[in-house]
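Data block below; observations after.
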Amino acid sequence: MNIELAKKILSFHSCRNDDINNPKWKNGFLGSLRPFQGKIYEENFKEIIECLKTLKIEIKKENIDKNIVSDIISIIHLTRIWVSEKGILGENNLLTNKQTKYLLTWVDIIESCFMYLLEGASEEAFLDYNDYCDNKYF
C-alpha cells in the first residue's frame with residue numbers, strides 16, 4: 001500500500017470520502033455501523049492499522065495532512081459517541097456486549113497508535129495492536 005492509497009482508504013473508513021456509491025464507503029469502519037446490519041468487521045480495524053503503518057512517516061511530519069487527522073479522529077470519536085448509551089447504536093440496543101467491547105477496543109488501539117505516531121514513537125505505536133493480534137490484549 002502506498003501513501004495515497006492509505007489516505008484514500010482512511011477516507012472511506014471515516015465516511016469522509018465523497019464517493020458514497022463506492023462499496024468501501026458503505027462497508028468501511030463507520031459506514032458499516034450506519035445503518036447497522038448486525039455485524040462488525042475486524043478486517044476494517046486491521047486495514048486502518050495497515051494505513052497507519054503506511055502513513056507513519058507522514059504522521060511524524062511537522063505539518064501533518066489535516067485529512068489524516070480528521071479521518072482518524074472521526075473514526076475514534078463517532079464510534080464512541082454512537083456506542084454510548086445515548087448514541088444511535090447504544091440507545092437502540094443494536095450491539096451485543098461483545099460487539100461493544102470490540103468496537104471500543106479497536107478505537108482505543110487506533111487512538112493509542114495514532115498518539116504514539118504523532119510523538120514519533122513508531123516502535124511503541126503498534127504494541128497494543130500486536131498484543132491484540134497475539135490474543136494478549138484482553
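In UniProt numbering, the protein residues as written are 1 to 138.
The C-beta atom is built at its ideal place from N, Cα and C for all residues, glycine as well.
Per-residue DSSP class, three states only, for residue i
i: residue 119; result: coil
i: residue 97; result: helix
i: residue 134; result: coil
i: residue 114; result: helix
i: residue 126; result: coil
Burial state of residue i (16 or more Cβ within 10 Å)
i: residue 44; result: buried
i: residue 69; result: exposed
i: residue 133; result: exposed
i: residue 126; result: buried
i: residue 31; result: buried
i: residue 62; result: exposed
i: residue 129; result: buried
i: residue 147; result: The first residue shown for the chain is 1 and the last is 138, placing residue 147 beyond what the model contains.
i: residue 89; result: buried
i: residue 38; result: exposed
i: residue 47; result: buried
i: residue 5; result: exposed
Residue of the options minimising C-alpha distance to residue i
i: residue 135; options: 117, 72, 82, 105; result: 105
i: residue 56; options: 138, 117, 129, 130; result: 117
i: residue 114; options: 72, 99, 85, 130; result: 72
i: residue 25; options: 101, 100, 9, 60; result: 9
i: residue 102; options: 36, 11, 82, 42; result: 42
i: residue 2; options: 87, 14, 58; result: 58
i: residue 67; options: 131, 5, 11; result: 11
i: residue 150; options: 60, 74, 35, 36; result: Look at the range of the chain in this structure, 1 to 138, and you will see that residue 150 is not part of it.
i: residue 91; options: 65, 36, 27; result: 36
Alpha helix (DSSP H) segments (min. 4 residues) lying fully within the region 14 to 95:
23 to 27, 42 to 54, 56 to 60, 66 to 83
Could you check whether the region 116 to 124 touches the region 77 to 97, counting it as contact only if at least three pairs of C-beta atoms, one from each stretch, sit closer than 8 Å?
no
Would you call the region 73 to 81 and the region 17 to 27 in contact, with 3 or more CB pairs under 8 Å?
no
Would you check if the region 43 to 63 and the region 98 to 114 touch, i.e. whether three or more CB-CB distances between them fall below 8 Å?
yes
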